[in-house]
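Quick notes on the structure that follows.
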Amino acid sequence: MIDIKELIEKERKRKTKKNWFFIVILAAVVLAAFFAKNAYHNYKEEQFFKSVKQKEIKVIPKTVKHKVSDIFTEDYQKETEDQLKKWKKEKNYSVSKPLIVQNAYGTYTTSLYYYAKTDRASYAVCMVEAQGASVYKHQLKTLSGKKYVTTHEYEIIGLVSGAKNKVTMEFYNEDKRAVGKTHFYVDMPKDEEIPEILKKNIGDSKKEMTDGLFALFGHDKANVSNIYLYDNEGVNRGRMPLNKYRTDRFLFIEDEMVYSYDFNKIAFMNRLGKITRTIDIGNYEFHHDFMYDKKHGKILCLVNDKTKDTIEDVIVSVDIKSGKTSLLFDCEELLPLMRSMAVQRKGGLNTYGGTELDWIHLNSFDLVDDNSLILSSREHSSLIKIKNIYKQPELDYIIHRGTIYNGTELAKYQLKREGELISNAGQHTITVEKDDSLPDGQYYLYMFNNYYGRATSIPSFDWGMYANVGSFSKGRSYYSKFLVDEKTRTYKLAQQFALPYSAIVSSVQHLDGNIPFSSGMSKTFGEYDKDGKLIKSFEYEANKYSYRVMKYNFDGMFFDL
Numbered sequence: 026m027i028d029i030k031e032l033i034e035k036e037r038k039r040k041t042k043k044n045w046f047f048i049v050i051l052a053a054v055v056l057a058a059f060f061a062k063n064a065y066h067n068y069k070e071e072q073f074f075k076s077v078k079q080k081e082i083k084v085i086p087k088t089v090k091h092k093v094s095d096i097f098t099e100d101y102q103k104e105t106e107d108q109l110k111k112w113k114k115e116k117n118y119s120v121s122k123p124l125i126v127q128n129a130y131g132t133y134t135t136s137l138y139y140y141a142k143t144d145r146a147s148y149a150v151c152m153v154e155a156q157g158a159s160v161y162k163h164q165l166k167t168l169s170g171k172k173y174v175t176t177h178e179y180e181i182i183g184l185v186s187g188a189k190n191k192v193t194m195e196f197y198n199e200d201k202r203a204v205g206k207t208h209f210y211v212d213m214p215k216d217e218e219i220p221e222i223l224k225k226n227i228g229d230s231k232k233e234m235t236d237g238l239f240a241l242f243g244h245d246k247a248n249v250s251n252i253y254l255y256d257n258e259g260v261n262r263g264r265m266p267l268n269k270y271r272t273d274r275f276l277f278i279e280d281e282m283v284y285s286y287d288f289n290k291i292a293f294m295n296r297l298g299k300i301t302r303t304i305d306i307g308n309y310e311f312h313h314d315f316m317y318d319k320k321h322g323k324i325l326c327l328v329n330d331k332t333k334d335t336i337e338d339v340i341v342s343v344d345i346k347s348g349k350t351s352l353l354f355d356c357e358e359l360l361p362l363m364r365s366m367a368v369q370r371k372g373g374l375n376t377y378g379g380t381e382l383d384w385i386h387l388n389s390f391d392l393v394d395d396n397s398l399i400l401s402s403r404e405h406s407s408l409i410k411i412k413n414i415y416k417q418p419e420l421d422y423i424i425h426r427g428t429i430y431n432g433t434e435l436a437k438y439q440l441k442r443e444g445e446l447i448s449n450a451g452q453h454t455i456t457v458e459k460d461d462s463l464p465d466g467q468y469y470l471y472m473f474n475n476y477y478g479r480a481t482s483i484p485s486f487d488w489g490m491y492a493n494v495g496s497f498s499k500g501r502s503y504y505s506k507f508l509v510d511e512k513t514r515t516y517k518l519a520q521q522f523a524l525p526y527s528a529i530v531s532s533v534q535h536l537d538g539n540i541p542f543s544s545g546m547s548k549t550f551g552e553y554d555k556d557g558k559l560i561k562s563f564e565y566e567a568n569k570y571s572y573r574v575m576k577y578n579f580d581g582m583f584f585d586l
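For the sequence shown, our numbering begins at 26 and goes up steadily by one.
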């Protein structure tokens with residue numbers, strides 16, 4: 026007797042085996058097709074990468090024609106934006122045929138606006154070369170901050186005026202494989218406004234110069250005082266125009282570069298060189314210095330209050346969001362005794378030709394912490410710390426070698442000096458340096474110590490405490506670094522070495538382990554290593570001097586180092 030159930034079960038198993046067989050065959054075919062396609066794709070990709078060779082392309086930079094002359098106005102910037110949009114609509118731009126515009130937004134004379142698209146997401150590396158100049162090579166930073174993009178839009182900086190520049194652009198994917206390599210040449214016209222470098226001096230240090238450009242601020246104190254930029258060979262890398270007053274430094278705030286461009290105006294510039302907005306600080310005028318307080322979102326500025334009969338004694342804060350300017354404190358209120366003791370120079374005019382009393386002459390400052398700052402007073406040859414700056418500003422301490430505070434209520438605020446040192450006299454660019462290895466309450470202060478002995482508003486100033494202090498034309502300046510201990514209320518020498526003499530102005534800074542400097546009256550800037558040995562310096566053309574020279578690598582702004 027035939028078992029029907031058994032026959033059905035056998036048939037089911039047979040069909041199952043058959044189905045599985047077809048499934049396996051189908052899967053094998055699909056996998057084979059997949060691997061074949063993948064292999065072909067990889068082959069094509071490999072062929073593409075092998076085909077990427079460095080090639081020269083012909084480029085003639087375009088220029089934007091402007092009806093508006095003031096680059097810091099919305100109308101000027103809009104003219105550029107409208108022209109760029111028009112050019113982008115006219116054709117498709119690739120790395121082989123990019124859109125290149127010289128100084129598109131008017132903010133950097135030898136810059137190039139670069140626009141191109143790639144099929145593959147990548148980042149760009151740019152190298153600028155010119156005869157006699159140092160090689161200027163960096164990974165470019167996109168406007169959005171994204172690393173891998175298919176739309177490449179940059180400001181290329183650092184081209185040399187009066188020279189044939191070779192610009193090399195290379196694009197790399199996430200595997201660091203090149204997806205595009207081109208180079209082109211740009212002849213930049215000579216810019217007669219840029220001061221010449223007259224002499225280059227090579228020092229004894231074997232240390233390499235840090236990456237970056239030196240920025241000369243306040244050259245010859247001209248009303249229209251450009252910013253001039255130089256590389257590590259002293260070769261000019263263009264200029265940045267200003268309107269009516271020098272700026273004193275660059276700030277980097279939320280992906281933008283910020284600087285003053287007029288007596289009472291601040292500009293915000295994005296990575297393409299576009300001025301995105303400006304702030305007017307009203308009835309105040311800038312002088313000497315400004316800093317960014319990131320925690321409070323404010324730019325702190327040394328200013329003149331145009332309604333007062335004194336100058337260089339007020340600090341204001343500028344809110345970066347609202348643009349509101351507020352008085353932070355007036356040194357007349359914090360140091361009324363010193364104000365009352367001051368007298369006007371013989372002839373009744375200050376050094377700027379005005380009648381306002383320059384009784385304290387603040388010339389630089391830096392934040393000590395979130396609620397205090399240190400001021401440099403040239404007139405007092407003092408470093409003055411103010412605490413509680415946002416709520417109830419009050420004097421914390423003073424570093425001063427002389428006798429001007431003797432017998433006054435201010436004497437108790439003076440820190441005690443430990444050991445021998447060359448005291449600060451007429452100093453500039455006071456800077457705070459924190460060190461995690463130091464105990465709480467300790468930090469360093471470093472400065473360009475002009476060591477110049479004059480205080481016209483304090484005739485009784487006794488310079489006998491300052492051995493061999495300099496005159497206006499002769500002396501010796503120093504890099505001076507003090508270790509401050511707030512708990513013991515003391516300070517002592519941490520490091521010191523001689524610098525080219527300058528009675529007034531000048532600067533020092535720390536950058537990537539080296540010490541860039543400028544000596545204004547010596548018309549010199551350059552760089553020392555951390556031990557105070559000269560690496561290289563440059564003597565420049567000037568009728569007077571540059572107020573200060575700072576060095577910037579533009580990491581996070583134009584470049585991703």
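Note that the Cβ used here is the ideal one computed from N, Cα and C, for glycine as well.
In the DSSP assignment, what residue or residues form a beta bridge with residue i?
i, result
"Thr205", "A small fix is needed here, since residue 205 is Gly in this sequence, not Thr. BP columns for Gly205 point to Phe196."
"Met152", "Lys162, Thr193"
"His244", "Ser571"
"Met282", "Phe277, Met294"
"Val533", "Phe542"
"Arg442", "Tyr516"
"Arg264", "Tyr253"
So for residue i, helix, strand or coil by DSSP?
i, result
"Leu316", "Looking at the sequence itself, residue 316 is Met, so the reference to Leu does not match. Strand."
"Ile50", "helix"
"Phe73", "helix"
"Glu180", "strand"
"Gly500", "coil"
"Tyr101", "helix"
"Asp305", "strand"
"Glu511", "coil"
"Gly466", "coil"
"Gly495", "strand"
Alpha carbons only, please: which of the options is nearest the one belonging to residue i?
i, options, result
"Glu588", "Met194, Leu168, Tyr161", "Residue 588 is absent from the structure shown; the chain starts at 26 and stops at 586."
"Asn308", "Phe288, Gln102, Asp318, Lys90", "Phe288"
"Val204", "Ser496, Asp537, Met490, Lys78", "Lys78"
"Thr454", "Ser527, Asp460, Asp314", "Asp314"
"Asn261", "Thr272, Leu241, Pro418", "Leu241"
"His163", "Lys499, Pro418, Tyr148, Val494", "Tyr148"
"Ile222", "Asn190, Gly348, Gly551", "Gly551"
"Lys189", "Lys172, Lys215, Thr176", "Lys215"
"Asp355", "Pro418, Ile291, Ile324", "Pro418"
"Gly500", "Thr301, Val126, Tyr476", "Tyr476"
"Phe209", "Tyr270, Pro220, Val120", "Val120"
"Lys113", "Glu178, Ile50, Tyr68, Asp95", "Glu178"
"Leu297", "Ser462, Lys83, Ser136, Lys225", "Ser136"
"Glu443", "Thr332, Tyr133, Ala519, Ala155", "Ala519"
"Phe380", "Ile336, Leu359, Leu420", "Position check: residue 380 holds Thr in this sequence, whereas Phe was assumed. Closest by alpha carbon: Ile336."
"Ile423", "Asn413, Tyr438, Lys412, Ile414", "Tyr438"
"Ser186", "Pro220, Val328, Leu168", "Pro220"
"Lys331", "Leu382, Leu325, Met363, Gly348", "Leu382"
"Thr207", "Arg514, Ser76, Asn474", "Ser76"
"Gln156", "Tyr101, Leu168, Gly259", "Gly259"
"Gly432", "Glu115, Leu362, Met546, Ile227", "Leu362"
Can you tell me the Cα-Cα spacing of residue i and residue j, whole angstroms?
i, j, result
"Glu3", "Glu217", "Beyond the ends of the chain as shown, which are 26 and 586, falls residue 3; an answer cannot be given."
"Asp212", "Thr98", "29 Å"
"Arg573", "Asn449", "18 Å"
"Leu392", "Glu310", "21 Å"
"Ser496", "Phe507", "24 Å"
"Asp537", "Asp585", "15 Å"
"Gly243", "Ser250", "6 Å"
"Ala141", "Val494", "59 Å"
"Ser527", "Tyr255", "21 Å"
"Lys225", "Phe563", "5 Å"
"Met152", "Arg264", "19 Å"
"Lys111", "Pro123", "15 Å"
"Thr301", "Ser169", "14 Å"
"Asp280", "Met582", "6 Å"
"Val150", "Thr167", "11 Å"
"Asp24", "Asn539", "In this structure the chain extends from 26 to 586, so residue 24 is not present and cannot be described."
"Lys201", "Phe74", "11 Å"
"Val339", "Leu387", "9 Å"
"Gly478", "Glu511", "28 Å"
"Asp305", "Val328", "13 Å"
Practice task
May I ask you to verify whether the region 483-499 touches the region 532-544, counting CB pairs closer than 8 Å and requiring at least 3?
Solution key: Here the region 483-499 does not lie against the region 532-544, with fewer than 3 beta-carbon pairs under 8 Å apart.
Handout entry: Cβ contact check for the region 84-103 and the region 121-129: 3 or more pairs under 8 Å
Key = Result yes; three or more Cβ-Cβ pairs closer than 8 Å.
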